[in-house]
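Protein sequences, first through last, are from chains A and B. By the working numbering, the letter at position 165 of the first sequence is numbered 165, and the numbering carries on one by one without gaps. With the second sequence counted from 1, adding 1000 to any position gets you the working numbering. Input: a single structure, listed below in structure tokens.
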Amino acid sequence: MKALVAKIGGHLLVLFARFITAARAEWRGIEPVRRQRIYYANHSSNADMPLIWTVLPPALRRETRPVAAADYWLKSPLRAFAGRDMLRAVLIDRRAEHRTEDPIARIVEALDEGSSLILFPEGGRNMTQEPLLPFKAGLFNIATARRDVDLVPTWVEGINEIMPKGEIIPVPLSCTVIFGTPLHLQEGEELKVFLDRASQALSELQPAART
Amino acid sequence: MTETSTQLVLLFAAVVGLLFLATVAGELLRLVKSEDSPVVDTFVTRVHSWWAMVAILALALISGRVAIVVLFAFCSFAALREFLTLTKKTRADHWAMVVSFYVILPVQYVLIWWGQEGFFTSFIPVYAFLLLPILSMLRGAGASFLHRISETQWALMICVFCASHVPALLVLEIDGFGDKNVLLIAFLVLVVQLGDLMEYFAGRRFGRVRVAPTISSKTWEGIGCGLLFAVAVGWSFAWITPFGVAWAGVLAGVSFLMGVGGALVLAAIKHDRGVRNWGHLIPGQGGFVDQLDSVFFAAPAFFYIVRYFWV
Chain A
1 MKALVAKIGG HLLVLFARFI TAARAEWRGI EPVRRQRIYY ANHSSNADMP
51 LIWTVLPPAL RRETRPVAAA DYWLKSPLRA FAGRDMLRAV LIDRRAEHRT
101 EDPIARIVEA LDEGSSLILF PEGGRNMTQE PLLPFKAGLF NIATARRDVD
151 LVPTWVEGIN EIMPKGEIIP VPLSCTVIFG TPLHLQEGEE LKVFLDRASQ
201 ALSELQPAAR T
Chain B
1001 MTETSTQLVL LFAAVVGLLF LATVAGELLR LVKSEDSPVV DTFVTRVHSW
1051 WAMVAILALA LISGRVAIVV LFAFCSFAAL REFLTLTKKT RADHWAMVVS
1101 FYVILPVQYV LIWWGQEGFF TSFIPVYAFL LLPILSMLRG AGASFLHRIS
1151 ETQWALMICV FCASHVPALL VLEIDGFGDK NVLLIAFLVL VVQLGDLMEY
1201 FAGRRFGRVR VAPTISSKTW EGIGCGLLFA VAVGWSFAWI TPFGVAWAGV
1251 LAGVSFLMGV GGALVLAAIK HDRGVRNWGH LIPGQGGFVD QLDSVFFAAP
1301 AFFYIVRYFW V
């Protein structure tokens, strides 16, 4: 019963996201095929993750799980249902002092089960004017643990104006999700070098600013 | 069968015949050109989109006023979404945009369904025009204020006010025409879109002098051919209108020219914003605004001419 409600909820979410954003995927660097991938994306709004989820073709969507913060998604029963059952999120605890489980271990576990992942390497929402915040080490640690998984830079464009921070009603505007060329951790590549390269690959996908 | 539906069926038979020819031509071209040709592919995709659009419009016209109003309300919604994506806006405009989408757009179409002519012709140009800037001001005004409120109002005028004048044709009470007003919609859409198609192909074949070289590939030669063709289409479909042959031609010509003007104006906006298409929802054509730009400009002109001389 719960599973059925979660499934219907998932479809409704996709419909709603399409209604508001006419969401479109631009597969610039890869094809939408069933391969294990980590989609790592810029994060400026709570709608980022549902949007990426929406533009993935259904066959890929079924195999893709977002990585999300437990402290946010377990706050209320409704959120927990949406996060755990509907989106099947891999919930990790961002607060080092509270956690009982290593977040990287959970993520690797999900990878080993065959899932693809959606990941926000900035570690939180970007509220600044900068296109990207510095990446946390998580992406590097995952790439070290499972070298052969494709890391796909995924740029979400145009979502901020739909629901600026503090607003509750989304205004319908077009959004695009751009998928770039996958990268892998190279032999002997250091943390900072790798994160810079990954960050660079992501910000290069950003369309030129309109004035 | 009533007279209206008989005429509608005849009309759609003609359009389906044309589309059938276009489909056959596309497939033949595919056979003749052994390699993949992007031009042929685009043509075939466009013809497929045309089939879908004709089918949807036909269904709506047969189903009656509610379906037609809903269809154009949806077109307005999609067009407004594309348009406002490209306008200048800040957080202060959020509520003005929310109200545009969830209040003004539905109210405009309810007024049309209800037949409140005095109100739907003034609702956006007067009430929305005055109300929305007040909302943006209350939310903190900010930089480029006039610029931003003007763009929001322009988007509403084009995508909602102008577009809604297509279903508004149903409201007109024309002497001796009875309840056949859906045929006016069919007539308007047909002359504008067929004129556009002819303008496009003629312009491609022997167009030389561009009207606005930096923003559009439209040529004076193409527009001339399109105009002649639109007038001819107007004449040949005069039997579904209350205008008589000569005036049907004049109205077709005026609608076509307004449409070309609209397409050029919206191309200028696209050029200014550095985009090729308004959207992506109609395969081979771009967005709703790309497809309907000419109808947006032609509809109010057609509506007010008919209203002035035939009501």
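Every residue gets a Cβ at the ideal spot worked out from N, C-alpha and C, and that includes glycine.
Asked	Found
Simplified DSSP assignment, three categories, for residue 4(A)	helix
Beta-carbon spacing of residue 1167(B), residue 1124(B) below 8 Å	no
Where residue 1070(B) sits in the DSSP three-state scheme	helix
Cα-Cα separation between residue 211(A) and residue 1273(B), rounded to whole angstroms	In this prediction, residue 211(A) scores a pLDDT of 42, lower than 50, which makes its location untrustworthy; no coordinate-derived value is stated.
Residue 1298(B) to residue 1257(B) span [Cα, whole Å]	8 Å
Chain D residues whose Cβ lies nearer than 8 Å to that of residue 123(A)	Among the protein chains in the structure shown, which are A and B, there is no chain D.
Rounded distance between the beta-carbons of residue 1205(B) and residue 1219(B), thought under 8 Å	Incorrect: roughly 10 Å between the Cβ atoms, too far for contact.
Inter-stretch contact at 8 Å, needing at least 3 Cβ pairs: the stretch 1006–1024 of chain B / the stretch 170–189 of chain A	no
Test: residue 22(A) CB closer than 8 Å to a CB of chain B	yes
Any chain B beta carbon closer than 8 Å to residue 177(A)	no
Of the residues 1117(B), 1088(B), 1214(B), the one placed nearest residue 1142(B), counting alpha carbons only	1088(B)
Residue from 1119(B), 1259(B), 1083(B) with nearest C-alpha to residue 1151(B)	1083(B)
Inter-residue spacing [alpha-carbon to alpha-carbon] between residue 1225(B) and residue 1155(B)	31 Å
Where residue 100(A) falls, given that 16 or more other Cβ within 10 Å makes a residue buried	exposed
Meets three-Cβ-pair contact criterion under 8 Å: the stretch 117–124 of chain A and the stretch 63–74 of chain A	yes
Proximity to residue 171(A) [Cα-Cα], best of 1197(B), 1105(B), 1214(B), 1232(B)	1105(B)
Touch test, the stretch 1026–1034 of chain B against the stretch 1064–1076 of chain B, Cβ-Cβ under 8 Å, three pairs minimum	no
Cβ of residue 1053(B) within 8 Å of any chain A Cβ	no
Residue from 1294(B), 1046(B), 1050(B), 1054(B) with nearest C-alpha to residue 1253(B)	1294(B)
Where the stretch 150–182 of chain A meets chain B: residues whose CB sits under 9 Å from a CB there	158, 161, 163, 164, 165, 166, 167, 169, 170, 171, 172, 173, 174, 175, 176
Cβ-based neighbour list, residue 181(A), same chain, cut-off 6 Å, excluding 5 preceding and 5 following	29
Spatial neighbours of residue 1180(B) in its chain, beta-carbon cut-off 6 Å, leaving aside the 5 residues before and after	1004
Alpha-carbon spacing of residue 1186(B) relative to residue 1264(B), whole angstroms	23 Å
C-beta neighbour in chain A for residue 1187(B), strict 8 Å	no
C-beta atoms of residue 159(A) and residue 1098(B) nearer than 8 Å	no
Classification of residue 40(A) by the beta-carbon crowding that lies within 10 angstroms, buried from 16 upward	buried
Length of the line joining the Cα atoms of residue 1268(B) and residue 1249(B)	29 Å
Same chain, Cβ closer than 7 Å to residue 54(A), five either side skipped, listed in chain order	14, 17, 18, 23
Beta carbon of residue 152(A) nearer than 8 Å to that of residue 37(A)	yes
Helix, strand or coil at residue 1305(B) [DSSP, three-state]	helix
Extent of the continuous alpha helix (DSSP H) to which residue 1046(B) belongs	1038–1063
In DSSP terms, what residue 1109(B) is bridged to	DSSP lists no partner for residue 1109(B).
The stretch 1263–1283 of chain B: positions lying closer than 7 Å to chain A by Cβ	1273, 1274, 1279, 1280, 1281
Short Cβ contact (8 Å threshold) for residue 1212(B) with residue 1296(B)	no
Chain-ordered residues of the stretch 1241–1260 of chain B with a beta carbon less than 7 Å from chain A	none
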